[in-house]
Structure formats: structure tokens, C-alpha cells
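J.: I have a structure I would like to understand better, so I am pasting it below and will then ask my questions one at a time.
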Amino acid sequence: MKYWKSHFVFNKSERNGIFVLVIVIVLLQIIKFSDPFSASEERISEKEATALKSFQNKLDSLKNTERIKDTIYPFNPNYLTDYKAYRLGMSVEEIDRLLAYRASGKWINSASDFQKVTKVSDSLLDIISPNFKFPAWIKVTSVSKQSNVAKVDINTATAEELMQIKGIGQTLGERIVKYRTLIGGYRSFIQLQDIYGLNDETRLELIKHLKKIPQNFSKLNINEVDVIQLSEIPYFDYELARALVNYRNLHEKISSVEDLIKIDGFPVDKIDRIQLYLSFN
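Once you know that position 91 of the sequence shown is 868 in the working numbering, the rest is easy, because the numbers rise by one and skip nothing.
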């Protein structure tokens, strides 16, 4: 009995130590269940969320202000970049229509033209159109294209002269001149169909203002011409020229266009152009 009793007898220092230990245990239990750190973290998270939301609202406000800011400055819609167009509020589809239209060499001369091409909404047009600024030369060109334009020679006209014709911009004018150099001069207006970006409507308008092409050029006899001579003709390359000569040698003669169609790989869609350079005599 004395042995067990000795384990429950404490002096004053031991009792004080036990009392302190109990207090520490109680405090730890209180801290555990109240979890002030968790509440603090939750409060911090709420504060951060509020701050982030406020910051996002400021960013959105700045973004909208930045996008609208461009509209206060006059600009030429013909030189509108995709980035600037986006900042003005245009959609990707509307921007693509504008860039494709300008790539074809055509010009926008009014707000109605801009809407017709891009298909922007009336509300957006009302916002940005007051700031459209068209150079004086575009206005002059627009007026001149509505009046009678003196006919020009397609084989001597400059790109600037061609640009006076309705529908012909700088890009198309330069392409027409460049292609003329490539083929050694136009022999027929049908060759204008090979100009990239020149649609049928604009091509027909262009032809109205062109002088007739003199038909005084010489043609090569298809039954006498050799491979090298053929390969130098527009629409021919060395392989096609050799195929034509081989067919001619095999059949002794090429009598008509129908014979050309029988040659493997012959560009049937170019026969009307090829006939401008070859004769069947």
C-alpha cells in the first residue's frame, strides 16, 4: 500500500508543475477547436478574392477604355490593321472580310462601303465612322472612276493609269503590269483571267476602258516548232513542250485543238490562250 501511495504524493514544486501542465493542455484544446489560424486564413482569402475582383474590374475598365480610345483619333479604314480593328470592337470575321477586300486591291471610299464589306453592326458603325478620314486622292479617284475614263493601251499603261478605272487598286494595277511583263505583252483580253484577285465584274469594267489589242503578232507553226521554242511560250514548260513534240512525232502531225486534248497532262483550260501563240498550218 505504501508503495502505491508513494506514487500519488507530490511536493509543492511537483504540484505547481502539474498545474501548469494542465493549463497548457487546456489552452491547446481551446486553440485546436477554435482554430484562429484557419479563420485568419479564411479572412485573408476573402480579402484576396475581393482585391482580385477589384483589380480585374480595373483591368476590364482599362481594356474597354483602351479599345474605345482609338476611336477618338481620325484614321483611314483602308489601312486598318487587325490589331487596331480588334481594339475598335470588330469581330474576327469582320476583320477578315476587311483584310481580304483590301488584299484584292480594292478601296473603301465611304462609311457605307466599310459596312458593306465588313458587315459591322449599325451601332458600331455609328461609333467609329465619324472618325473615318479618307485622303484627298482617294476622293478624287472615286470621283474620276464614276466619270468617263479615257481608254488606255493594256500593253503600255502604267499601274497608276490602270488605277483610274473603277475597281482597280494599286495591288491589281501592279499585278496587271507585272503579268504583262511575264508573258511578253497581252495578246487578248482573255489573258486577264489569269490575274489573281481580278474578279469577272472588275475585269469587264476594265475591258470597257481598254483599247483593242492589234492582232499583228506572229504565231509559231505547231508542226515545225521545237521543244526549246515551245518551252519559251507562256503556259508551257519544258516537260509539256517535250510531250507535245513526242505526240507530234508519233502521229506525224497535229491537225487541230482536238489533238492537243489527247496529250497527257495538257492544260485544257489554257487552250484558248495557247492558241494565241501557235498555228496549225
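For every residue, glycine included, the Cβ atom is placed at its ideal position computed from N, Cα and C.
My output table needs one value for L987: the three-state DSSP class, helix, strand or coil.
T.: strand
J.: Thinking E982 and K943 are a contact (beta carbons under 8 Å), I'd like their distance in whole angstroms, please.
T.: 6 Å
J.: If you draw a straight line from the alpha carbon of A1018 to that of K985, how long is it in whole angstroms?
T.: C-alpha separation (whole angstroms): 35 Å.
J.: Taking 8 Å as the threshold, find out whether the segment 898-909 comes into contact with the segment 963-971 through three or more Cβ pairs.
T.: no
J.: Excluding the five sequence neighbours on either side, which residues of its own chain have a C-beta within less than 6 Å of the C-beta of S1056, listed in chain order?
T.: K996 and N998
J.: So, helix, strand or coil for L1053, using DSSP?
T.: coil
J.: Cα separation between K1047 and Y1012?
T.: 7 Å
J.: Please classify F909 as buried or exposed, where buried requires at least 16 other C-beta atoms within 10 Å of its C-beta.
T.: It counts as buried.
J.: In whole angstroms, give me the CA-to-CA distance for I991 and S898.
T.: Reading off the sequence, residue 991 comes out as Pro, not Ile. Spanning the two alpha carbons is a distance of roughly 50 Å.
J.: With a CB to CB cut of under 8 Å and the five nearest residues on each side skipped, what residues in its chain are close to E951?
T.: A936
J.: Taking S1033 as the reference, give the member of Y863, N1000 and G974 with the closest Cα.
T.: The candidate whose alpha carbon is nearest that of S1033 is N1000.
J.: Spatial neighbours of Y856 within its chain, please: C-beta separation below 8 Å, excluding the five flanking residues on both sides.
T.: none
J.: Excluding the 5 residues flanking K988 on each side, which residues of the same chain have their C-beta closer than 8 Å to its C-beta?
T.: K928, V929, D930 and I931
J.: Determine the burial state of E871: buried for a count of at least 16 other Cβ atoms within 10 Å of its Cβ, exposed for fewer.
T.: buried
J.: What residues match up with L997 in a beta bridge as DSSP calls it?
T.: According to DSSP, which records beta bridges pairwise, L997 is partnered with L1055.
J.: For F909, write down the residues that DSSP places opposite it in a beta bridge.
T.: F852
J.: In angstroms, rounded to a whole number, what distance separates the CA positions of G882 and A888?
T.: Looking at the two C-alpha atoms, the distance is approximately 18 Å.
J.: Please confirm whether L1021 and I1040 have their CB atoms less than 7 Å apart.
T.: For L1021 and I1040, yes; Cβs fall inside 7 Å.
J.: Using a Cβ cut-off of 7 Å (strictly closer), state whether K989 contacts chain D.
T.: In the structure shown, chain D cannot be found, because there is only a single protein chain.
J.: By the three-class DSSP mapping on this structure, what secondary structure does V747 have?
T.: Because residue 747 is not part of the residues shown, which for the chain are 778 to 1058, the question remains open.
J.: Kindly indicate the opening and closing residues of the alpha helix (DSSP H) around S889.
T.: A888 to T895
J.: To the nearest angstrom, report how far apart N1023 and E1029 are at their CA atoms.
T.: 10 Å
J.: What are the start and end residues of the alpha helix (DSSP H) that includes T948?
T.: Start and end: Q947 to I960.
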